[in-house]
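In the numbering used here, the protein residues as written are 9 to 361.
For every residue, glycine included, the Cβ atom is placed at its ideal position computed from N, Cα and C.
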Ligand code: DAH
């Protein structure tokens, strides 16, 4: 009988070696420790064991039952450990790895220049006025005193927008410059008090579009910053003072500015402002093409026809306007040689700023 009990234990432990997962372990528990297992039969049939042997058989059976239970517990822990290791291996999770750095964004180089321009003009009392990018021929050209067949229109070859209705000589187009915003702004301001329109001191930034042969110097898409000041007794001296001050605040306190006569349909007289080349200090270099001067912006006194189109009586009001290209200023500052970099969205370029 005692040998029989030892065999029950060996059979149980041997079978346990083959158990590889939890289902098999449950099956094993039923077979070797369940109600109708061999060891339980020993307890059930204790009555048939001769009296003098009962004590020894009982003790042996108890030891076997405890040994099988201990083996079960141990096996369960071992199976858990295997399962844990496997899931770690499958997920390739290394909790000791450092976190991934989140890449830092940065402002586009033209945005950086734009913000500096805003800051300088804000200090001088100019507000930012936003105007539409889709214009009509009337606002983009006619109200700015471009006569119908004026050659300056050809300098600003346009992207026209097809419409179902025939709009005659007033088609929609993408604005070729920010100047039409002058008319929108003056009309909005003068509408508040048509008899005595309030003074205007604004800059108008935004994207412009021209049907250009794209090259290192010309893009079909670029930004401009327009400026407009309208009020009583504004003179050309105010224009020169304001823009010279802008040049000093933007490019350095020692920077010299000069004005050359020029022509724009919407200003009279018109000028272009150059600043002393900040790369060579005026000695002459490749960027200023040996002249010592850099062309920065166009400007002039607002043409009486334009004032009138904006709702301002040219007998009582005068004003000055200017327009500049932030891409060009950014190119000069950083010696960027090709304007196409700006809107090509190549991170290798953008990440340098
Ligand atoms: N609109 C002109 C252009 O796109 C730039 C310009 C020149 C604007 C003189 C002005 C100005 O307001 O006075 O070439």
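Based on DSSP bridge pairs, tell me the residues matched to residue i.
i           : result
residue 266 : 282
residue 216 : 230
residue 272 : 275
residue 307 : 279, 330
residue 136 : 211
residue 301 : 284
residue 169 : 180
Spatial neighbours of residue i within its chain, please: CB distance less than 7 Å, with the 5 preceding and 5 following residues excluded, ordered by chain position.
i           : result
residue 189 : 137, 139, 212, 234
residue 64  : 10
residue 338 : 117, 118, 121, 344
Helix, strand or coil for residue i, going by three-state DSSP, please let me know.
i           : result
residue 323 : coil
residue 361 : coil
residue 448 : The first residue shown for the chain is 9 and the last is 361, placing residue 448 beyond what the model contains.
residue 222 : coil
residue 120 : helix
residue 210 : strand
residue 180 : strand
residue 237 : strand
residue 71  : helix
residue 125 : helix
residue 191 : helix
residue 242 : coil
residue 47  : helix
residue 110 : coil
residue 313 : helix
Do residue i and residue j have their C-beta atoms within less than 7 Å of each other?
i           : j           : result
residue 68  : residue 10  : yes
residue 223 : residue 319 : no
residue 191 : residue 147 : yes
residue 200 : residue 215 : no
residue 265 : residue 242 : no
residue 217 : residue 259 : no
residue 276 : residue 311 : yes
residue 107 : residue 238 : no
residue 150 : residue 351 : no
residue 79  : residue 33  : no
residue 172 : residue 219 : no
residue 47  : residue 73  : yes
What does a CB cutoff of less than 6 Å around residue i pick up in its chain, not counting 5 residues either side in sequence?
i           : result
residue 84  : none
residue 295 : 287
residue 145 : 178, 179
residue 254 : 128
Starting from the C-beta of residue i, find all residues in its chain whose C-beta is less than 8 Å away, skip the five residues before and the five after it, and write them out in chain order.
i           : result
residue 293 : 285, 287
residue 143 : 180, 181, 182, 183, 188
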